[in-house]
Amino acid sequence: MADCNTKPGPCIAKKTPGGQPAEKMNYSQLFESVKKAAFVVGTALLVFAAARNTITWHMQRFWGASGDFWQTTWNNIYSLFNEDEMLVGVVGTTMFTFTVFWLANSFLIFLDVTGMPSSLLRYKVQPDKNTPLAMKDLKKICLRALFNQTVVALPMSFCTCLVMKWRGCPVSGDLPTFQWVLLEIAVFTLIEELGFYYSHRLLHHPALYKYVHKIHHEWTAPVGLVSVYAHPLEHVMSNMLPPVLGPIIMGSHLATSWLWFALVLLSTTVAHSGYHFPFLPSPEAHDFHHLKFNQNYGILGVLDRLHGTDNLFRASPAYERHILLLSRVPMSVQYPDSSPKKSTKNEEKTE
Numbered sequence: 011m012a013d014c015n016t017k018p019g020p021c022i023a024k025k026t027p028g029g030q031p032a033e034k035m036n037y038s039q040l041f042e043s044v045k046k047a048a049f050v051v052g053t054a055l056l057v058f059a060a061a062r063n064t065i066t067w068h069m070q071r072f073w074g075a076s077g078d079f080w081q082t083t084w085n086n087i088y089s090l091f092n093e094d095e096m097l098v099g100v101v102g103t104t105m106f107t108f109t110v111f112w113l114a115n116s117f118l119i120f121l122d123v124t125g126m127p128s129s130l131l132r133y134k135v136q137p138d139k140n141t142p143l144a145m146k147d148l149k150k151i152c153l154r155a156l157f158n159q160t161v162v163a164l165p166m167s168f169c170t171c172l173v174m175k176w177r178g179c180p181v182s183g184d185l186p187t188f189q190w191v192l193l194e195i196a197v198f199t200l201i202e203e204l205g206f207y208y209s210h211r212l213l214h215h216p217a218l219y220k221y222v223h224k225i226h227h228e229w230t231a232p233v234g235l236v237s238v239y240a241h242p243l244e245h246v247m248s249n250m251l252p253p254v255l256g257p258i259i260m261g262s263h264l265a266t267s268w269l270w271f272a273l274v275l276l277s278t279t280v281a282h283s284g285y286h287f288p289f290l291p292s293p294e295a296h297d298f299h300h301l302k303f304n305q306n307y308g309i310l311g312v313l314d315r316l317h318g319t320d321n322l323f324r325a326s327p328a329y330e331r332h333i334l335l336l337s338r339v340p341m342s343v344q345y346p347d348s349s350p351k352k353s354t355k356n357e358e359k360t361e
């Protein structure tokens with residue numbers, strides 16, 4: 011790509027250390043990414059197709075055995091709100107998401123403030139930050155989080171329920187099948203990625219960043235509660251709107267929406283937690299975003315790779331750590347900042 015905007019004078023094409031134009035290298039990297047993605051997705055589809063009958067049989071047995079329980083539970087919830095669709099849609103959804111969020115964060119709050127159990131502190135992504143979390147900072151986060159989850163969320167939930175009612179999203183009646191819920195969750199994930207990535211990049215525009223998104227980026231080393239520590243406009247535009255678009259588009263049952271909202275809240279809590287715990291999704295990518303500001307705008311990383319907004323991240327030790335931890339040895343120990351593996355690779359390239 012030509013460098014014509016930053017310096018006066020003739021437009022000179024950027025070249026890589028190997029002498030190849032950067033634009034050609036970007037296309038090559040994109041092609042390699044597409045090939046890898048096609049291989050992974052293709053393999054997964056083949057395995058799923060081969061095992062489809064077995065998987066479906068087991069899932070149907072599980073769903074059949076527990077289906078009555080979930081249906082009865084949902085019917086009881088619906089009755090609890092006097093079978094009022096707007097009441098369960100607005101107040102019920104707000105209460106449910108509020109409960110999920112604070113239950114998920116209660117353990118992290120205790121760990122951040124007390125440092126106990128101390129054995130878990132070794133899993134911190136940035137070990138020198140927020141250890142311990144100051145009480146004044148905790149109070150500051152909690153006040154904004156509570157404001158967003160009540161004053162901001164209730165009107166947004168009301169508007170969302172009106173749209174979902176217009177769309178024909180069911181609140182009562184039979185729950186959807188297990189297979190349909192899985193399909194919906196997959197579609198929700200893709201829609202959220204699109205909505206979050208582009209709304210997030212928009213928030214980094216100078217016109218919006220200074221007055222809106224900068225509040226969220228006060229935390230270069232985030233903690234779980236920071237996931238909803240944001241300007242009200244950002245909370246609606248980036249935290250609430252992308253997750254609700256999927257259920258609206260798909261015309262989903264409210265129970266499916268609740269399941270999806272719980273997954274979203276747990277995911278964003280882990281991403282902002284500041285800890286890379288075993289057997290939990292890696293928070294390295296979003297933690298790196300808070301550290302460097304202009305990297306990793308998305309959730310899945312697909313659009314970041316497509317738009318080249320993860321180049322610095324992929325060249326850092328954090329990228330090597332960005333995998334599921336399957337042992338008790340922290341990623342910072344397995345892949346330290348001065349990674350021998352990384353150094354060896356660089357030396358080989360130099361030679």
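The number in this note's numbering is simply the position in the sequence shown, starting from 1, with 10 added. Note that beta-carbon positions come from the ideal geometry of N, C-alpha and C, so glycine has one too. Given the structure is predicted, the values throughout are model-derived calculations rather than measurements.
Burial state of residue i, where buried means 16 or more other Cβ atoms lie within 10 Å
i           : result
residue 387 : The requested residue 387 does not occur in the structure, where the chain is confined to residues 11 to 361.
residue 151 : buried
residue 201 : buried
residue 305 : buried
residue 134 : buried
residue 353 : Confidence at residue 353 is low in this model, with a pLDDT of 41, below 50, so the placement of that residue is unreliable and no value is reported for it.
residue 294 : buried
residue 296 : buried
residue 127 : exposed
residue 163 : buried
residue 356 : Note that residue 356 has pLDDT 42, beneath the 50 cutoff, so the model's placement of it is unreliable and the number below is only indicative. Flag for residue 356 reads exposed.
residue 114 : buried
residue 311 : buried
residue 93  : exposed
residue 192 : exposed
residue 313 : buried
residue 334 : exposed
residue 328 : buried
Rounded separation between residue i and residue j - CA only
i           : j           : result
residue 149 : residue 208 : 31 Å
residue 280 : residue 186 : 28 Å
residue 96  : residue 171 : 7 Å
residue 87  : residue 241 : 32 Å
residue 315 : residue 300 : 18 Å
residue 345 : residue 101 : 46 Å
residue 198 : residue 266 : 11 Å
residue 260 : residue 194 : 7 Å
residue 6   : residue 89  : Residue 6 falls outside the range modelled here, since the chain spans only 11 to 361, and no answer is possible.
residue 358 : residue 303 : Because residue 358 sits at a pLDDT of 40, beneath the cut-off of 50, its placement in the model cannot be relied upon, and the point is left open.
residue 165 : residue 275 : 19 Å
residue 246 : residue 239 : 12 Å
residue 271 : residue 277 : 10 Å
residue 106 : residue 326 : 38 Å
residue 119 : residue 145 : 10 Å
residue 342 : residue 137 : 10 Å
residue 347 : residue 221 : 34 Å
residue 130 : residue 292 : 15 Å
residue 167 : residue 157 : 14 Å
residue 320 : residue 78  : 46 Å
residue 226 : residue 84  : 35 Å
residue 196 : residue 169 : 24 Å
Best match in the options for proximity to residue i [C-alpha to C-alpha]
i           : options               : result
residue 317 : 81, 211, 104 and 184  : 211
residue 375 : 178, 285 and 321      : The shown model of the chain, from 11 to 361, leaves out residue 375, and the question about it has no answer.
residue 287 : 93, 331, 321 and 249  : 331
residue 268 : 203, 228 and 179      : 179
residue 176 : 132, 257, 115 and 243 : 257
residue 248 : 322, 308 and 326      : 308
residue 273 : 129, 109, 91 and 92   : 109
residue 229 : 147, 334, 119 and 79  : 147
residue 112 : 129, 80, 130 and 159  : 159
residue 336 : 196, 290 and 298      : 290
residue 323 : 79, 93 and 298        : 298
residue 161 : 104, 117 and 224      : 104
residue 80  : 329, 153 and 183      : 183
residue 219 : 329, 313 and 244      : 244
Residues of its chain near residue i, where Cβ-Cβ distance is below 6 Å and the 5 sequence neighbours each way are ignored
i           : result
residue 282 : 232, 234, 236 and 237
residue 215 : none
residue 340 : 132 and 133
Contacts around residue i, its chain only, beta-carbon distance under 8 Å, and the 5 residues preceding and following it disregarded
i           : result
residue 124 : 142
residue 181 : 88, 95, 98, 99, 263 and 264
residue 91  : 97, 98, 101 and 102
Cβ shell of residue i (< 7 Å), same chain only, five flanking positions each side left out
i           : result
residue 122 : 140, 142, 143 and 233
residue 205 : 251, 252 and 255
residue 116 : none
residue 154 : 239
residue 213 : 219, 222, 223, 244 and 248
residue 203 : 308, 309, 310, 312 and 313
Bridge-paired residues (DSSP) for residue i
i           : result
residue 134 : 285
Any chain D beta carbon closer than 7 Å to residue i
i           : result
residue 142 : Protein chains in the displayed structure number just one, and chain D is not present.
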